[in-house]
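J.:
In this note's numbering, the protein residues as written are 35 to 124.
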């Protein structure tokens with residue numbers, strides 16, 4: 035991840051705090067690269083964990099069930115939404 039995000043940080047630092055189209059385009063490109071790398075990880079980890087360990091991580095098992103080609107352009111969100119006390123529920 036450092037190889038992806040350090041150059042982005044350096045690029046954004048040179049922009050002087052102004053995010054124009056080139057900066058936003060670079061961020062989008064890096065986000066796509068992040069997800070590409072992210073989706074390669076389940077197979078790498080899957081080769082290291084035992085079936086018993088997989089049972090302890092249902093989300094991990096589900097990730098491995100999705101073919102890599104289908105994951106290619108997807109993004110997962112982790113956790114649950116939080117409702118703030120000062121906002122009424124919808």
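Backbone N, C-alpha and C fix where the C-beta goes; we use that ideal spot for every residue, glycine too.
Owing to the predicted nature of the structure, the values given are computational and were not obtained by experimental measurement.
1) Where do the N-terminal and C-terminal ends of the alpha helix (DSSP H) with residue 40 fall, by residue?
2) Whether or not the stretch 83-91 and the stretch 60-73 are in contact is what I'm after, with contact meaning three or more pairs of Cβ atoms, one per stretch, closer than 8 angstroms; do they touch?
3) Check residue 53 in the structure and name its three-state DSSP category.
4) Does the count of Cβ pairs from the stretch 91-110 and the stretch 73-82 closer than 8 angstroms reach three?
5) Which residue spans inside the stretch 50-91 form an unbroken alpha helix (DSSP H) run of at least 4?
6) Would you kindly work out how many angstroms separate the C-alpha atoms of residue 109 and residue 93, rounded to a whole number?
T.: The relevant details are as follows:
1) Along the chain shown, read from residue 1 onward, the residue named residue 40 stands at position 6. Annotation: the continuous alpha helix (DSSP H) that includes residue 40 extends over 36-47.
2) no
3) Position 19 of the chain shown holds residue 53. Residue 53: coil per DSSP, three-state reduction.
4) yes
5) 55-80, 85-89
6) Start at 1 with the first residue of the chain shown, and residue 109 comes out as number 75. Start at 1 with the first residue of the chain shown, and residue 93 comes out as number 59. C-alpha separation (whole angstroms): 14 angstroms.
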